[in-house]
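Report on the following structure.
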Amino acid sequence: MLNSYVRAKATLHPRFAQTYGKLQWYCLDFWARELGLDTGILDSAKTYGIAELLAIRHPDSQKGPWDTGLYNAVEDFRELYIHDRVTK
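Using the working numbering, read the sequence shown as starting at 898 and increasing by one per residue.
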């Protein structure tokens with residue numbers, strides 16, 4: 898699981914960095930189109946044998962939290978964003 902999580906973050910980081918702070922960052926419809934997601938994506942993934950699923954509780958800042966049911970979830974997209982930190 899950890900390896901796929903690291904790969905997913907590495908793949909998504911450039912997309913997140915390019916969009917962070919812009920209006921699209923907060924738009925669920927934008928991310929659904931950008932990432933090719935639909936509302937039943939987690940159930941479909943489970944049906945087809947994908948074992949590790951992660952939901953996003955607040956995918957749209959203009960709306961309330963989603964009920965993620967039994968799925969593990971992060972609060973919003975920012976938790977998936979890799980921050981470049983420089984230590985002095």
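Think of the CB as a built atom: it goes at the ideal place given N, C-alpha and C, for glycine as much as any other residue.
Cutoff 7 Å; reference Tyr917; Cβ partners in own chain excluding five residues on either side = Closer than 7 Å at the Cβ level, and outside the excluded window around Tyr917, lie Tyr978.
ask   = Does the stretch 919-930 touch the stretch 954-970, meaning 3 or more C-beta pairs lie closer than 8 Å?
value = Segments in contact, yes.
message = To test your reading of the DSSP string, which unbroken alpha helix (DSSP H) runs of 4 or more residues are found completely within the stretch 901-972?
response = Annotation note: the stretch 901-972 contains the following uninterrupted alpha helix (DSSP H) runs of length 4 or greater, listed N- to C-terminal: 925-932 and 938-944.
task = Express the C-alpha separation of Leu920 and Asn900 in angstroms, rounding to a whole number.
result = Between the alpha carbons of Asn900 and Leu920 lies a gap of roughly 31 Å.
request  = Quick one: using the 10 Å Cβ neighbour count with 16 as the cut-off for buried, is Ile953 buried or exposed?
outcome  = Its Cβ being crowded by 16 or more others within 10 Å, Ile953 is buried.
ask   = Taking the C-alpha atoms as reference points, what is the distance between Leu932 and Asn969?
value = Taking the straight line joining both Cα atoms gives about 19 Å.
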